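>
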Amino acid sequence: MAVLFSPFTLRDVTFKNRIALSPMSQYRAVDGHANDWHRVHLGRFALGGAGLVYVEATGVEAVGRRTHGDLGLWTDAQIEGLRPIADFISREGSVPGIQLGHAGRKASEHRPWHG
Ligand SMILES: Cc1cc2nc3c(=O)[nH]c(=O)nc-3n(C[C@H](O)[C@H](O)[C@H](O)COP(=O)(O)O)c2cc1C
């Protein structure tokens, strides 16, 4: 218990505890842009006290997204949706993280429930 809630420093980043939210694809982005869904989804884990809040797998190019509903970061315009999320998480004392990815041959699928 004591270790779980103790700070952890990695290079120049200090996490207030050892609790990390895994990246979880939400399939709710439109053209790769973050929206209210992502703000609330991720913001609540910062409010809950996680030391590290990971943004879901985020495509580095459009065709590299796992599904069409994934977040992306292949154009500067997509920074605008992510910046307030990172700022909010930081203000609440957590560390924002992001999982950048390219799904390779598994990329560009429909959302799971669309087959
Ligand atoms: C809804 C959902 C979405 C997920 N999306 C991602 C993802 O974007 N990237 C990833 O690496 N893992 C993803 N995972 C896997 C989780 O990050 C995590 O590895 C998995 O839930 C096992 O975690 P645990 O070993 O702590 O139980 C997802 C899991 C769930 C439940």
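Heads up: the sequence shown begins at 1097 in my numbering, then just goes up one per residue.
Where is the CB? At the ideal position from N, CA and C, for every residue including glycine.
Bear in mind the structure is a predicted one, so any value in this text is a computation, not a measurement.
Using the Cα positions of Gly-1144 and Gly-1155, report the straight-line distance between them to the nearest angstrom.
Numbered from 1 along the sequence shown, position 48 holds the residue referred to as residue 1144. Numbered from 1 along the sequence shown, position 59 holds the residue referred to as residue 1155. Those two C-alpha atoms are separated by around 27 Å.
> Do Pro-1119 and Val-1151 count as a contact pair if the criterion is CB distance below 8 Å?
For the purposes of this step, residue 1151 is identified with residue 55 of the sequence shown, where counting begins at 1. For the purposes of this step, residue 1119 is identified with residue 23 of the sequence shown, where counting begins at 1. In contact: Val-1151 and Pro-1119 (Cβ atoms closer than 8 Å).
> Could you pull the DSSP bridge partners for Glu-1205 from this structure?
Here residue 1205 is taken as the residue at index 109 of the sequence shown, counted from 1. Note: Glu-1205 sits in a beta bridge opposite Thr-1163.
> Taking all protein chains shown into account, decide if Ile-1175 is buried (16 or more other Cβ within 10 angstroms of its Cβ) or exposed.
Residue 1175 sits at position 79 when you count from the first residue of the sequence shown. That one is exposed.
> Please give me, in chain order, every unbroken run of the alpha helix (DSSP H) with length at least 4 that falls completely inside the segment 1102–1151.
Listed in chain order, they are 1132–1143.
> Below 8 Å on the Cβ atoms is my guess for Val-1136 versus Gly-1193; work out the distance and round it to an integer in Å.
Taking the sequence shown and counting its residues from 1, the one referred to as residue 1136 is at position 40. Taking the sequence shown and counting its residues from 1, the one referred to as residue 1193 is at position 97. Not really, about 18 Å apart at Cβ, beyond 8 Å.
> Restricting to Cα atoms, I'd like to know which of Ala-1116, Ile-1185, Arg-1207 is closest to Leu-1167.
Here residue 1167 refers to the residue found at position 71 of the sequence shown. Per the Cα distances, Arg-1207.
> Identify every run of the beta strand (DSSP E) within the segment 1162–1197, keeping only runs that are complete inside it and at least 3 residues long; order them along the chain.
Within the segment 1162–1197, the complete beta strand (DSSP E) runs of at least 3 residues are 1191–1197.
> Please return the same chain residues whose Cβ sits closer than 6 Å to the Cβ of Phe-1104, not counting the five positions on each side in sequence.
Counted from its first residue, the sequence shown places residue 1104 at position 8. Correct list, in chain order: Phe-1111, Arg-1114.
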